[in-house]
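Colleague:
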Amino acid sequence: MVGKVYIVGAGPGDPDLLTLKALRAIEKADVVLYDRLVGDEIIEMLKRMGKELIYVGKNSDERGGRRQEEINELMLKLAKEGKIVVRLKGGDPFVFGRGGVEAEYLAEHGIPFEVIPGVSSINSVPASAGIPLTHPSLSSSILVVTGKDGVERWCESILNGTLVILMGRNNIKEICNRLIKAGRSPNTPIAVIENGTLKNQRVFFGTLKNIADIIEKEDLKGPTLIVVGDVVNVAKKINSVNPKIVSSL
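Take 1202 as the starting number for the sequence shown in the working numbering and just add one per residue.
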């Protein structure tokens, strides 16, 4: 029998910031593949639990592409042996990690998997220092970038990067029109997620030019989050394996 892989976010390092769902996955894991950015205290906790640990972190001077191939092949091998595998990643697995790449690989090889979000350093570290990322009178937006890119690329984020929009359901048509007017392609993929992470989660896919018409036909009442960018297409690739993703297509 084929096992299962859990792609788990370990949070910013403090064991108390591991989610209950992450801990439950770890408790039933046969083997844990962990990254360099997983906190030392969490590693010590895993050792006390008697878990089989395999370090798969990448060094800054290492070729990430080749190392990722090795990690993918190891996940596949262990899962085919019938093992429950936890792929433990620092922060959140889908934020500046290769969790999306790993999910695609598992989907392509027919391996059951589940993504367990983690507390991201993006919000947790500033909060721990008393810094609010948004404030009613000071800031209503957040630009998240990697220091490996130049400032010039940051400036192009609205046209080429991923946009995450909160509380935009009622203004989605205007938002899309303004993005197109600003220079974003009308064919840019977009997803509207209702009741994210809950049992009644729904995800609707479209493009900037048609998503407003798609949403208008649906009775969306729960909280929504909108994602704009090419990364939306990744969800379509893993849709057949991850039952929590429900496409409107």
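Glycine included, each C-beta is placed from N, C-alpha and C at the ideal position.
Please report the straight-line C-alpha distance between S1338 and I1332, rounded to a whole angstrom.
Modeller: So the alpha carbons of these two residues sit roughly 14 Å apart.
Colleague: Apart from the five residues on each side of it in sequence, which residues of its chain come closer than 7 Å, Cβ to Cβ, to N1396?
Modeller: Closer than 7 Å at the Cβ level, and outside the excluded window around N1396, lie Q1402, R1403, G1423, P1424.
Colleague: Rounding to the nearest angstrom, what Cα-Cα distance links K1290 and L1380 in this structure?
Modeller: Whole-angstrom Cα-Cα distance: 33 Å.
Colleague: Please report the straight-line C-alpha distance between R1354 and N1361, rounded to a whole angstrom.
Modeller: C-alpha separation (whole angstroms): 9 Å.
Colleague: Roughly how many angstroms lie between the CA atoms of K1374 and I1412, to the nearest whole one?
Modeller: Going by the C-alpha atoms only, they are around 8 Å apart.
Colleague: Write down the C-beta distance between A1488 and V1203 rounded to the nearest angstrom, noting that I regard them as a contact closer than 8 Å.
Modeller: This structure gives no information on residue 1488, because the portion of the chain shown stretches from 1202 to 1450.
Colleague: By Cβ distance, which residues of its chain are closer than 6 Å to S1322, with the 5 residues on each side in sequence left out?
Modeller: So the list reads P1213, G1292, once near-sequence residues are dropped.
Colleague: According to the Cβ coordinates, are I1208 and V1302 closer than 8 Å?
Modeller: No; because the gap between Cβ atoms is not below 8 Å, this pair is not in contact.
Colleague: Would you say the beta carbon of T1363 is closer than 7 Å to some non-hydrogen atom of the ligand MG?
Modeller: The ligand MG is not among the ligands present in this structure, which contains no ligands whatsoever.
Colleague: Considering A1392, what are the terminal residues of the beta strand (DSSP E) in which it resides?
Modeller: Start and end: 1390-1395.
Colleague: When you compare only the Cα positions, how much space is there between V1319 and I1416?
Modeller: Residue identity differs from the one stated: residue 1319 is Gly in this sequence, not Val. Approximately 29 Å between the Cα atoms of the pair.
Colleague: Based on Cα-Cα distance, which residue from L1426, D1215, R1370, K1252 lies nearest to K1418?
Modeller: Closest by alpha carbon: R1370.
Colleague: I need the boundaries of the alpha helix (DSSP H) containing G1301, first residue and last residue.
Modeller: It spans 1300-1309 - the alpha helix (DSSP H) in which G1301 sits, taken as one unbroken run.
Colleague: Can you have a look at K1349 and say buried or exposed, based on whether 16 or more other CB atoms are within 10 angstroms of its CB?
Modeller: Answer is exposed; the Cβ neighbour count stays below 16.
Colleague: Quick one: using the 10 Å Cβ neighbour count with 16 as the cut-off for buried, is Y1235 buried or exposed?
Modeller: Burial call: buried.
Colleague: Between the C-alpha atoms of A1330 and V1429, what's the straight-line distance to the nearest angstrom?
Modeller: Between A1330 and V1429, the C-alpha separation is close to 30 Å.
Colleague: Are there 16 or more other CB atoms within 10 angstroms of the CB of Y1256, so buried, or fewer, so exposed?
Modeller: Exposed: under 16 other Cβ atoms inside 10 Å.
Colleague: For N1434, I'd like the list of residues in its chain whose CB is within less than 7 Å of its CB, leaving aside the five on either flank, ordered along the chain.
Modeller: Around N1434: P1390.
Colleague: Tell me the DSSP bridge mates of S1340?
Modeller: Beta-bridge pairing links S1340 to H1336.
Colleague: If we count the other Cβ atoms within 10 Å of its Cβ and call it buried at 16 or more, is K1252 buried or exposed?
Modeller: Buried, since its Cβ has 16 or more Cβ neighbours within 10 Å.
Colleague: My output table needs one value for L1364: the three-state DSSP class, helix, strand or coil.
Modeller: In this structure, L1364 counts as strand in the three-state DSSP scheme.
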